[in-house]
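Chains as they are written, first to last, in the working numbering: chain Z, 0 to 611; chain H, 5 to 139.
Right, one structure below, let's go through it.
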């Protein structure tokens, strides 16, 4: 056995009710490492592109990585991989909390779930053991109550990851909700749990991970934590969490307002800003396990006479539910809590309701069509809509399909559905950042903001952020670096504020595993992951035609703010896309070339090799 | 001399526990940590942090049949490893403590208890919000 991993994956077949620990070939760990690189490999190996996401044969892989279980900054992440119900293609979705640490401490590198149970169950995992338990009494309950019950049974140190009514009812952007205040939010992993009648996973453990040089690895982690603690970037991040991102997007004129029809929020000056939220609602910081930069915030607020407690608001929720739907701060917090309890992704949920609210405002839909009112700023109306989505009642059944399908079925202009490949885009208007325009367009799981985050490079130079030059190469390089972090798995917030980049993380990976890993090797792991996820998408039918943004961004200039007048130019956007494909070594249709796949050692499905 | 923790701002990252375990055992086993964090969620947004406050009553000292626990001149209560037999697994000091600040050892050795790292505690150096100090 090597170091840094157990080479034990728990395979659970919910149809056959079997649980077994399987091993992967030893060379898999070195080549694919963990997290995203391994997850995208397993999706190919198990040929999941052949099956409907709702089919019994689909798998959900829940993976950690070789640094999980240590105190390397940013190590608190678990990722889920599957074929997405929302996009029909590649999906990874990541959450924080204590789940990753507990899973590794239980002696596993991951869990593979296939089949479909006839009755609701949950999976309980402890040191080298796992069992399926009845979830009959949990089915139908909200995420908070479900987690509370599971922790009362399995102990407060047990980590819990559950679905709410939205996941049970196959809402295509349902979340998996972990340790009360963390979510695998994007792409509908919750619906895949629901389809398998899996209400949740409970994990606890106390097995030490066999690292190559554990004392040096831990000592280095603590040294970094001690030395970086006074750094201004660290202090600022802890103080405001992601809430301060709205300061940036508002300043740059790329905030999200009324379904991407404006780039400047009027509510920002009233109550949707970090200072107002911090002063009135935030009561404490909430950190992921072993994180030295606890950016999560815990807020307490009253809504219609009841006191609620919620994790957040995070920037994306402030943006896609807050400034987008123009609700008040208290309503934003309530909708945040409601989505968490029902198990709804606030990004896809907010954008989908934004699409419906725009149609309502234009008089294309009325109260009778919807069975509810969706006026901009009407928090109670949006709350009703989220409940209707989670239970698929009335128009909620259609909204539960996501904005693309909703617009199509209702007969709206398809450009009002702000999505890529079926997944709604996050809180950065791409007209004011060509880097994000490209990232959203090519992101493997659909409109995702975490694959490259080019805004860090663009924010201080307006000419550059509106320019198309060099963006293909830039996005490619950022994606590869981040895919390396996502393979360890490291929170991608940390490298932007800590003196830890690819080279340093590669050094820590060497201490964990004993492998010599150069900078180039590390980036290649990321590049391999990106090519595997693309190959999976290609097998699902995704090509250049799908790497495109809604038409609104090409024909409606932003009306005011620092990006006023900006609109994407189709020909230059297409040229940028070609530049990206060229930088990637993909052909003009966005398909990885045989030479590139050979260079990275990527084969097609590899069924015979996957289990040692 | 004792540890002071500003619990109201704790973000329950558990780095204090991990640094404690590493300093005293070279591992990251939470069962080796003399400071332990328990969030009380979600009905309250509160956290409990348990650790020895080196209280003047010294109930643990009184409870020890081997007289392995003793008060140092600087006020700390320490465990003399050679004298402690863990009460053959009974750990009488553990239930004697009124603040749940002393813990059983996972391997039956002497109890796990804060010794302030001799006056320069590791937990204080890693707490992200700098909530731990020595008073």
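Where is the CB? At the ideal position from N, CA and C, for every residue including glycine.
On a predicted model such as this, the values are computed, not experimentally measured, just so you know.
Q: Check residue 173 of chain Z in the structure and name its three-state DSSP category.
A: If you number the first chain from 1, residue 173 of chain Z lands on position 174. If DSSP states are grouped into helix, strand and coil, residue 173 of chain Z belongs with the strands.
Q: Would you kindly check if the distance between the Cβ of residue 69 of chain H and the Cβ of residue 91 of chain H is under 8 Å?
A: Stepping through the second chain from its first residue, residue 91 of chain H is reached at position 87. Stepping through the second chain from its first residue, residue 69 of chain H is reached at position 65. Yes. Within cutoff.
Q. Are the region 199–206 of chain Z and the region 122–141 of chain Z touching, with three or more C-beta to C-beta distances below 8 Å?
A. The region 199–206 of chain Z makes contact with the region 122–141 of chain Z: 3 or more CB pairs, one atom from each, lie closer than 8 Å.
Q: Any chance you could list the alpha helix (DSSP H) runs of at least 4 consecutive residues sitting entirely within the region 465–493 of chain Z, in chain order?
A: List check, alpha helix (DSSP H) in window: 470–487.
Q) Does the beta carbon of residue 31 of chain H come closer than 8 Å to any beta carbon on chain Z? A) What you label residue 31 of chain H is simply residue 27 of the second chain in a count that begins at 1. Contact of residue 31 of chain H with chain Z is assigned, a C-beta pair being separated by under 8 Å.
Q: Using the Cα positions of residue 454 of chain Z and residue 464 of chain Z, report the straight-line distance between them to the nearest angstrom.
A: Residue mapping note: residue 454 of chain Z aligns to position 455 of the first chain, counting from 1. Residue mapping note: residue 464 of chain Z aligns to position 465 of the first chain, counting from 1. Cα to Cα, residue 454 of chain Z sits roughly 8 Å from residue 464 of chain Z.
Q) Does DSSP put residue 63 of chain Z in a helix, in a strand, or in coil? A) Position 64 of the first chain, counted from the start, is the residue given in the question as residue 63 of chain Z. Per DSSP, reduced to three states, the secondary structure at residue 63 of chain Z is coil, with no helix or strand assignment.
Q.
Is residue 18 of chain H close to chain Z? Criterion is C-beta to C-beta, closer than 8 Å.
A. Position 14 of the second chain holds residue 18 of chain H. It does; some Cβ of chain Z falls within 8 Å.
Q) Going by the CB atoms, is the gap between residue 487 of chain Z and residue 33 of chain Z shorter than 8 Å? A) By 1-based counting over the first chain, the position of residue 33 of chain Z is 34. By 1-based counting over the first chain, the position of residue 487 of chain Z is 488. Yes, the Cβ-Cβ distance between residue 33 of chain Z and residue 487 of chain Z is below 8 Å.
Q.
Which of the three DSSP states is assigned to residue 82 of chain H in this structure?
A. By 1-based counting over the second chain, the position of residue 82 of chain H is 78. In the structure shown, residue 82 of chain H sits in a strand (DSSP, three-state: E or B).
Q: Output the boundary residues of the alpha helix (DSSP H) element that contains residue 578 of chain Z.
A: For the purposes of this step, residue 578 of chain Z is identified with residue 579 of the first chain, where counting begins at 1. From DSSP, the alpha helix (DSSP H) with residue 578 of chain Z extends over 569–583.
Q: Count the other C-beta atoms from every protein chain shown that fall within 10 angstroms of the C-beta of residue 248 of chain Z, then say buried if there are 16 or more, exposed otherwise.
A: Your numbering for residue 248 of chain Z matches position 249 in the first chain. Counting Cβ neighbours within 10 Å, residue 248 of chain Z comes out buried, since at least 16 surround it.
Q) Using a beta-carbon distance below 8 Å, is residue 125 of chain H in contact with chain Z? A) Counting from one through the second chain, the residue named residue 125 of chain H turns up at place 121. Residue 125 of chain H does not count as touching chain Z.
Q: Under the assumption that residue 130 of chain H contacts residue 225 of chain Z (Cβ atoms under 8 Å), give the Cβ distance between them as a whole number of angstroms.
A: To locate residue 130 of chain H, count along the second chain from 1; it is residue 126. To locate residue 225 of chain Z, count along the first chain from 1; it is residue 226. Sure, about 6 Å apart at Cβ, within 8 Å.
Q: Could you spell out where the beta strand (DSSP E) holding residue 509 of chain Z opens and where it closes?
A: Residue mapping note: residue 509 of chain Z aligns to position 510 of the first chain, counting from 1. For residue 509 of chain Z, no beta strand (DSSP E) encloses it; the enclosing alpha helix (DSSP H) starts and ends at 501–512.
Q) So what does DSSP say about residue 242 of chain Z, is it helix, strand or coil? A) The residue given as residue 242 of chain Z occupies position 243 in the first chain. In the displayed model, residue 242 of chain Z falls within a helix according to three-state DSSP.
Q: Could you confirm whether any beta carbon from chain H is found closer than 8 Å to the beta carbon of residue 299 of chain Z?
A: One-based indexing of the first chain puts residue 299 of chain Z at position 300. When Cβ-Cβ separations below 8 Å define contact, residue 299 of chain Z makes contact with chain H.
Q: Show which residues of chain A have a CB atom less than 7 Å away from the CB atom of residue 46 of chain H.
A: No chain A appears in this structure, whose protein chains are Z and H.
Q | Proximal residues of chain H, C-beta to C-beta of residue 280 of chain Z below 7 Å | A | Indexing the first chain from 1 puts residue 280 of chain Z at position 281. In chain order: nothing, as chain H lies at least about 11 Å away.
Q) Would residue 48 of chain Z pass as a contact of residue 56 of chain Z if the rule is Cβ separation under 8 Å? A) As a working mapping, residue 48 of chain Z is identified with position 49 in the first chain. As a working mapping, residue 56 of chain Z is identified with position 57 in the first chain. No, the Cβ-Cβ distance between residue 48 of chain Z and residue 56 of chain Z is not below 8 Å.
Q) Which residue spans inside the region 443–468 of chain Z form an unbroken alpha helix (DSSP H) run of at least 4? A) You should have 454–457, 461–465.
Q. What does residue 293 of chain Z reach in chain H if we use C-beta pairs closer than 9 Å?
A. The count along the first chain starts at 1 and reaches residue 293 of chain Z at position 294. The answer, in chain order, is 15, 16, 17, 132, 133.
Q) Hey, quick one: how far does the beta strand (DSSP E) through residue 90 of chain Z stretch, first residue to last? A) Residue 90 of chain Z sits at position 91 when you count from the first residue of the first chain. In the DSSP assignment, residue 90 of chain Z falls within the beta strand (DSSP E) that extends over 89–94.
Q | Proximal residues of chain Z, C-beta to C-beta of residue 35 of chain H below 8 Å | A | On the second chain, residue 35 of chain H is found 31 positions in, with the first residue counted as 1. 205, listed in chain order.
Q | CA-to-CA distance, residue 89 of chain H to residue 535 of chain Z, given in whole angstroms | A | What you label residue 535 of chain Z is simply residue 536 of the first chain in a count that begins at 1. What you label residue 89 of chain H is simply residue 85 of the second chain in a count that begins at 1. Cα-Cα distance, rounded: 60 Å.
Q. In chain order, what residues of the same chain have a beta carbon less than 6 Å from the beta carbon of residue 4 of chain Z, not counting five sequence neighbours either side?
A. To locate residue 4 of chain Z, count along the first chain from 1; it is residue 5. 28, 65, 108, listed in sequence order.
Q.
Give the list of continuous alpha helix (DSSP H) stretches no shorter than 4 residues that lie fully inside the region 292–369 of chain Z.
A. The region 292–369 of chain Z contains these whole alpha helix (DSSP H) runs: 328–341, 345–360, 366–369.
Q) In terms of residues, what are the limits of the beta strand (DSSP E) holding residue 43 of chain H? A) On the second chain, position 39 is the one that residue 43 of chain H refers to. Here the beta strand (DSSP E) through residue 43 of chain H covers 40–44.
Q: Could you please give the first and the last residue of the uninterrupted beta strand (DSSP E) stretch that includes residue 223 of chain Z?
A: As a first step, residue 223 of chain Z is located in the first chain; it is residue number 224 there, counting from the start. That residue, residue 223 of chain Z, is in no beta strand (DSSP E); its alpha helix (DSSP H) goes 213–227.
(Q) Can you list, in chain order, the residues of its chain with a C-beta nearer than 7 Å to that of residue 14 of chain Z? Leave out the 5 residues immediately preceding and following it. (A) The residue given as residue 14 of chain Z occupies position 15 in the first chain. The answer, listed in chain order, is 55, 114, 115.
Q: Taking C-beta pairs closer than 7 Å, name the residues in chain Z that residue 22 of chain H reaches, listed in chain order.
A: Walking along the second chain from the start, residue 22 of chain H turns up at place 18. Around residue 22 of chain H, the beta-carbon contacts reaching into chain Z at under 7 Å are 70, 289.
Q: Classify residue 529 of chain Z as helix, strand or coil using the three-state DSSP reduction.
A: Counting from one through the first chain, the residue named residue 529 of chain Z turns up at place 530. Correct three-state label for residue 529 of chain Z: helix.
Q: List the residues of chain H whose Cβ lies closer than 9 Å to the Cβ of residue 224 of chain Z, in chain order.
A: Along the first chain, read from residue 1 onward, the residue named residue 224 of chain Z stands at position 225. Here the neighbours are 19, 23, 129, 130, 132.
Q: Would you please verify whether the beta carbon of residue 391 of chain Z is less than 8 Å from any beta carbon of chain H?
A: The count along the first chain starts at 1 and reaches residue 391 of chain Z at position 392. Judged by the 8 Å Cβ criterion, residue 391 of chain Z is not in contact with chain H.
Q. Where does the unbroken beta strand (DSSP E) through residue 563 of chain Z begin, and where does it stop?
A. Locating residue 563 of chain Z in the first chain gives position 564, where the first residue counts as 1. In the DSSP assignment, residue 563 of chain Z falls outside any beta strand (DSSP E), carrying neither H nor E.
Q) Can you tell which of Z:82, Z:245, Z:168 has its C-alpha closest to the C-alpha of residue 265 of chain Z? A) Taking the first residue of the first chain as position 1, residue 265 of chain Z is located at position 266. Nearest option by C-alpha distance: Z:245.
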